[in-house]
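In the working numbering, the protein residues as written are 96 to 388.
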Amino acid sequence: MHWFAGLEAVCRTDVQLRHHTWYRLGGPARWFLTPRDETELIEVLRRCRAHHIDWRLLGRGANVLVRDAGFDGAVIHLTGPFWEAVRYEGATVHAAGGALFHHLVKDTLKRGLCGLEALAGVPGSMGGIVRMNAGGKYGEIAQFVREVRVIEPDGSTGARARAAIGFRYRHTDLDGCTVTHVVLDLALGDAAAAQARFKTIWKEKYASQPPLSVRSAGCVFKNPTGQSAGRLIDQAGLKGCRIGGAEFSTIHANFIVASPDATAADVINLMQLAKDRVRSATGLELQAEVEIW
Ligand code: EPU
């Protein structure tokens with residue numbers, strides 16, 4: 096009997112992950128599971144632990160690069176009505192982990208709730224956004240999170256208040272945790288001003304970054320303290336540099352954009368080249384922001 100016996104309705108094998116990531120690169124997942132609710136998710140995670148199966152949680156694939164060989168384990172994807180549900184209670188938002196963040200941002204603004212306009216143009220799932228404390232120049236999700244509900248690495252479930260999440264620049268203490276629900280505190284304020292700010296930030300971002308139609312995973316490296324990874328890569332002379340079908344964007348050097356013939360290895364090789372060049376020019380060690388599976 097296989098490890099996912101009884102879960103066949105939500106488990107497929109050899110699923111091409113390129114259909115599920117912004118990069119549209121890389122090979123298949125050995126197993127691809129789409130649990131329909133929390134009970135089913137807890138069971139999937141329990142089986143993975145019991146059978147020593149390596150697993151990854153896939154959000155909207157906005158910050159993931161899958162290797163060409165694929166992922167030899169279980170990829171768990173939270174989609175469907177349960178995982179995308181959002182509920183409002185005054186200025187408080189209760190969002191399930193699979194909610195599409197940029198839709199949520201627009202919806203909160205329509206309802207006259209202010210705050211998330213600072214994160215205009217940040218893609219991903221609610222859970223993924225919290226786990227990596229996504230954001231940009233004008234703010235990060237940490238500012239708005241009251242608490243999250245998680246499944247801990249040992250399978251126990253519970254709430255973690257903001258202070259127990261360990262928010263820092265593009266990182267939290269939620270590694271190995273599955274974020275099932277997020278509670279955000281927004282503000283009732285000047286809705287028109289918030290909408291205008293959303294548009295300004297969006298325009299500014301897409302004037303300085305490659306358009307969403309171009310395949311990328313956003314910034315590939317974290318900014319070293321007090322520095323811009325994009326500027327460092329640019330100063331290392333790599334803007335426009337290409338390996339195979341991957342290229343450092345000529346608009347913003349911390350984006351590696353993929354053309355139709357690109358492989359995941361092309362992107363990984365370019366990342367290594369940037370690390371080497373920036374290290375020898377400045378002594379700084381660039382750290383990946385994109386997750387490589
Ligand atoms: N710069 C260059 N050359 C480049 C890119 C940037 O000289 O190729 C210079 C810019 O001119 C600017 C400075 O570097 O003076 C900083 O650039 P930018 O304002 O674009 O911000 P960033 O630090 O590169 C960060 C986030 C972005 C976010 C923007 C805007 C990180 C790694 N990046 O970029 O987030 O969109 O601020 O808020 O924290 C992401 O996380 O995926 C991402 C794209």
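Using N, Cα and C, we set each Cβ at its ideal position, and we do this for glycine too.
Bear in mind the structure is a predicted one, so any value in this text is a computation, not a measurement.
Give the range of the alpha helix (DSSP H) segment to which residue i is assigned.
i, result
"E299", "286-303"
"R374", "359-377"
"R255", "No alpha helix (DSSP H) contains R255, which is instead part of the beta strand (DSSP E) from 252-256."
"L327", "324-330"
"I224", "221-226"
"T320", "Here T320 belongs to no alpha helix (DSSP H), and DSSP marks it neither H nor E."
"L333", "L333 -> no alpha helix (DSSP H), and no H or E assigned at all."
Should residue i be labelled buried (16 or more other beta-carbon atoms within 10 Å of its own) or exposed?
i, result
"P130", "buried"
"Y264", "exposed"
"R182", "exposed"
"D361", "buried"
"P395", "An answer regarding residue 395 cannot be provided, because it is not within the stretch 96 to 388 covered by the chain."
"S311", "buried"
"R142", "buried"
"G378", "exposed"
"T345", "exposed"
"R107", "exposed"
"R326", "exposed"
"S220", "buried"
Name the two residues that bound the continuous beta strand (DSSP E) containing residue i.
i, result
"E133", "Note, E133: premise wrong, no beta strand (DSSP E); alpha helix (DSSP H) at 133-145."
"R262", "Here residue 262 is Phe; the residue named in the question, Arg, does not match the sequence. Run containing F262: none; DSSP gives neither H nor E here."
"T129", "Here T129 belongs to no beta strand (DSSP E), and DSSP marks it neither H nor E."
"D109", "106-111"
"H97", "Note, H97: premise wrong, no beta strand (DSSP E); not H, not E."
"L279", "273-280"
Would you say residue i reaches chain D, if we count a Cβ-Cβ gap shorter than 8 Å as a contact?
i, result
"T187", "Looking at the structure shown, chain D is missing, and only one protein chain is on hand."
Among the residues of its own chain, which have a CB less than 8 Å from the CB of residue i, if the five just before and after it don't count?
i, result
"A331", "A369, R372, V373, A376"
"G250", "I137, L140, R141, R144"
"T187", "R241, V278, L279, D280, L281"
Keeping to the same chain, check which residues put their C-beta closer than 7 Å to that of residue i; ignore five residues upstream and five downstream.
i, result
"G234", "A213, L214"
"V274", "G192, G222, V225, R226, V243, V245"
"R255", "E242, V243, V245"
"V110", "P123, A124, F127"
Any heavy atom of ligand 1 within a distance shorter than 7 Å of the CB on residue i?
i, result
"N228", "no"
"G154", "no"
"G313", "yes"
"H347", "yes"
Just to confirm my understanding: we take residue i, look at its own chain, exclude 5 residues before and 5 after, and list those with CB closer than 6 Å. What are they?
i, result
"M227", "R265"
"D149", "G168"
"K317", "R265, Q382, E384"
(request) Quick one: which unbroken beta strand (DSSP E) runs of 3-plus residues sit fully inside the stretch 150-194? Chain order, please. (result) Counting only runs of 3 or more, we get 150-153, 166-172, 181-184, 187-191.
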